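To keep things clear, I will list the structure first and then write my remarks on it.
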Amino acid sequence: MPDAEEVSEFVGAGCDVMLTFRVPQDIATRAPALKWIQLLSAGADHVPAGPLTGSAISITTASGIHATPIAEYTIASMLAYAHRIHLAIRAQVRREWMRSGAFMAGVDDIRGQTLGIIGYGSIGRETARLAAAFGMKVLALKRDPLDHVDPDGVPGARRSRGQDSRALFPVPTNREAILRESDHVSVTLPLTDHTRNFIGEREFAAMKPAAYLVNIGRGAVIDERAMAAALTRRKSAAPA
């Protein structure tokens, strides 16, 4: 993948539309005729704000196209840890036979467990759909759950548990409530000023001692020091 300097040289001759992962710092002066930047990423936090502030250049993202592979990765991570696949692979590489009794004692099913989804965009919704198919109870956190009805017909308000295994909660009222109930937590937030360190000391303290955390967003959404302290205290299982 070309770096920002190579991209700068490439667009130096001028262009109207730019399809890219990277946006050079001097793009506004390098390509004065530029009208539209289409990012290949779902997030836009890496776009330099300064040079583009107040410019007429439109910036659009590829939000939505990653829902299938990332949701599958999330479920795969949960299954891998629940069934201790990572331990089996390590033992295989070491050519070590793991006694079935000790190994199976740590294996669990995700059916009947609760998945808390922090951020209910396209990836969060697809993750919820797959988790429901595995028989999981799904709780999701969305900034404004009343402004959306997803393609599966899950309403923007909580249903009773007897009617549906999925429920939406607003931010920030039920953040800790969802974490307290969740056996697995999937963080699918974009990185913004509001979401930086969104999962911190208070949130880790609310999690179950053996909860699993899968963060598929930017690392800065998680307070790294709080996570390290929580792992030290055995407040959560190893993050995927």
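In short: position in the sequence shown from 1, add 317, done, that's this note's numbering.
Even glycine gets a Cβ: it sits at the ideal position worked out from N, Cα and C.
None of the values given here were measured: they were computed from a predicted structure.
Which residue comes first and which comes last in the alpha helix (DSSP H) that contains residue i?
i, result
"G418", "417 to 421"
"V504", "Not the alpha helix (DSSP H): V504 falls in the beta strand (DSSP E), residues 501 to 504."
"S396", "The displayed chain sequence assigns Leu, not Ser, to residue 396. 384 to 399 is the extent of the alpha helix (DSSP H) around L396."
"L447", "439 to 450"
Return the chain-ordered list of same chain residues with a C-beta closer than 8 Å to the C-beta of residue i, the five sequence neighbours on each side being excluded.
i, result
"T337", "V324, I354, Q355, L356, L357"
"F451", "I392, I427, R428"
"A422", "none"
"D362", "P507, L508, T509, R535"
"A345", "L351, P368, L369, S372, I374"
"M335", "V328, I344, A348, L351, W353, I354, Q355"
"F420", "R401, L404, A405"
Assign residue i to one of three DSSP states: helix, strand, or coil.
i, result
"S553", "Here the model assigns S553 a pLDDT of 48, short of 50, so the residue's position is not dependable, and the following value carries that caveat. Three-state DSSP puts S553 in coil, outside helix and strand."
"N337", "Looking at the sequence itself, residue 337 is Thr, so the reference to Asn does not match. In the structure shown, T337 sits in a strand (DSSP, three-state: E or B)."
"T509", "coil"
"S477", "Residue placement at S477 is flagged as unreliable, the pLDDT there being 33, under the threshold of 50; the coordinate-derived value follows with that caveat. Coil."
"S380", "coil"
"Q430", "coil"
"L357", "coil"
Going by beta carbon distance, what residues of the same chain come within less than 6 Å of residue i, once the five residues before and after it are set aside?
i, result
"A523", "E493, L496, R497"
"Q430", "M453, D500"
"S380", "A359"
"V410", "none"
"M415", "A408"
For residue i, which residues of its own chain have a beta-carbon under 7 Å away from its beta-carbon, when the five flanking residues on both sides are left out?
i, result
"P468", "Here P468 scores only 49 on pLDDT, less than 50, and its place in the model should not be relied on; the value that follows carries that caveat. Same-chain partners within the cutoff: there are none."
"H383", "A359, I440"
"H400", "V424"
With respect to the beta strand (DSSP E) encompassing residue i, which residues constitute its N-terminal and C-terminal limits?
i, result
"T346", "Note, T346: premise wrong, no beta strand (DSSP E); alpha helix (DSSP H) at 344 to 347."
"L456", "454 to 459"
Below 8 Å on the Cβ atoms is my contact criterion, and I expect residue i with residue j to pass it. Report the Cβ-Cβ distance as a whole number of Å.
i, j, result
"G436", "V531", "Actually they are not in contact, since the Cβ atoms of G436 and V531 sit about 12 Å apart, beyond 8 Å."
"A448", "A457", "About 10 Å separates the two Cβ atoms, so there is no contact after all."
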